[in-house]
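Going left to right, the sequence shown walks through residues -15 to 51 as the numbering used here numbers them. Just so it is clear, CB atoms sit at the ideal spot from N, CA and C, and this is done for glycine as well. Here the structure is a predicted model, which is why all the values come from computation and not from measurement. Encoded as structure tokens, the structure appears first; notes follow it.
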Amino acid sequence: MTAKVRCRNMNHGRSNVLIRHCTDCGETLNATVRNSCNEQLHAERRKHRNLFCHDCGKSLTTSTRPK
-15 MTAKVRCRNM
-5 NHGRSNVLIR
5 HCTDCGETLN
15 ATVRNSCNEQ
25 LHAERRKHRN
35 LFCHDCGKSL
45 TTSTRPK
């Protein structure tokens, strides 16, 4: 059985994924992983250039600062 690669993140093809959501496309990879994120962690993940939070799947490219 061949794994279907949906994006550049290779977690899609793994059987034992340690993150809840893909950081490149936001798709749920392992729903059993505990969700433990907040805005401070979102800011740190933006610095690492992640497109999505690997805990909650929220897009990190949208601005959360008030206008």
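Taking the alpha carbon of H26 as the point to measure from, which residue in T12, S43, D8 has its own alpha carbon closest?
Here residue 26 refers to the residue found at position 42 when the sequence shown is read from its first residue. Among T12, S43, D8, the Cα nearest to that of H26 is on S43.
For R(-8), count neighbouring Cβ atoms within 10 angstroms of its own Cβ and tell me buried if that reaches 16, exposed if not.
Stepping through the sequence shown from its first residue, residue -8 is reached at position 8. Under this definition R(-8) is an exposed residue.
Determine whether the beta carbon atoms of R4 and D39 lie at a separation below 8 Å.
For the purposes of this step, residue 4 is identified with residue 20 of the sequence shown, where counting begins at 1. For the purposes of this step, residue 39 is identified with residue 55 of the sequence shown, where counting begins at 1. Yes, the pair counts as a contact, with Cβ atoms nearer than the cut-off.
Suppose you measure from the CA of G41 to the CA of N0; what does that come to, to the nearest Å?
For the purposes of this step, residue 41 is taken as the residue at position 57 of the sequence shown. For the purposes of this step, residue 0 is taken as the residue at position 16 of the sequence shown. Cα to Cα, the separation comes out at about 18 Å.
DSSP beta-bridge partners of S(-1):
Here residue -1 is taken as the residue at index 15 of the sequence shown, counted from 1. In DSSP, S(-1) forms no bridge with anything.
Selected residue, minimal CA-CA separation from R18, among N(-5), L2, M(-6):
Sequence index remark: in the sequence shown, residue 18 carries index 34 (1-based). Nearest C-alpha to R18: L2.
7 Å CB neighbourhood of G10 in its chain, flanking five on each side removed:
On the sequence shown, position 26 is the one that residue 10 refers to. Around G10: F36, G41, S43.
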